[in-house]
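Numbered by our numbering, the letters in the sequence shown go through residues 3 to 139 in order. Heads up, the thing below is written out as C-alpha cells.
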Amino acid sequence: MIQKLHNIVIEGSSGKPILIDATFKANTEAKQVVVFCHGFKGFKDWGPFNKIATHFADNDIVFVKFNFSFNGTTTNDPINFVDLKAFGNNNFCKELDDLSLVLDWIENYQELKGEIDTSRISLFGHSRGGSIAMLKT
3 MIQKLHNIVI EGSSGKPILI DATFKANTEA KQVVVFCHGF KGFKDWGPFN
53 KIATHFADND IVFVKFNFSF NGTTTNDPIN FVDLKAFGNN NFCKELDDLS
103 LVLDWIENYQ ELKGEIDTSR ISLFGHSRGG SIAMLKT
C-alpha cells in the first residue's frame with residue numbers, strides 16, 4: 003500500500019519552515035531513498051511531481067520532495083508565490099542548508115524507520131534543483 007506523508011513542517015534555513023512530502027510503499031522493508039529538489043520558481047507539488055513520487059514508490063523507492071524555505075511559498079499557501087521578500091532573499095547557500103536539514107529529517111523521522119536504507123540516499127532535481135543536488139553530493 004502506498005503511503006503519503008504530506009506537508010510535514012520542519013524548521014528550515016534562518017528559521018523559515020520547510021514543507022516535506024514522503025511517498026513510499028509501506029511494507030517495513032528498508033528501501034532506497036530519492037530526494038527531489040524543485041527548480042527556480044518551483045515548488046514540490048508543481049506539475050508531474052506527485053505522479054513521479056507515486057511512480058518511484060510503486061517501484062519500492064521512498065520519494066521525498068520538499069519546498070525550499072525561501073522559495074516564495076508559505077505553509078498556508080504552498081503552491082503560490084505569496085512571500086516575495088523571502089523569494090528575493092533566496093540563494094544557493096540557503097537551499098543547500100535546507101537540503102541538509104531535509105537529509106537529517108529523513109534519517110531521524112520515526113514514521114520512516116524500517117522503511118528506509120540510510121546508506122542508499124540519492125539526490126536529484128529539476129532545473130536549479132538539479133544544481134543544488136549536484137553541489138550537495
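We put the CB at the ideal spot given by N, CA and C, even for glycine.
If you draw a straight line from the Cα of residue 113 to the Cα of residue 107, it comes to about 11 Å.
Residue 128: not part of any alpha helix (DSSP H); DSSP gives it neither H nor E.
Residue range 4-13 is occupied by the beta strand (DSSP E) that includes residue 9, with no alpha helix (DSSP H) assigned at that position. Per the C-alpha coordinates, the member of 101, 129, 130 positioned closest to residue 123 is 101. The C-beta distance from residue 26 to residue 33 rounds to 7 Å, short enough to meet the 8 Å contact threshold. The bridge partners DSSP lists for residue 39 are 68, 127. Three or more pairs of CB atoms, one per stretch, sit closer than 8 Å, so the region 6-26 contacts the region 61-70.
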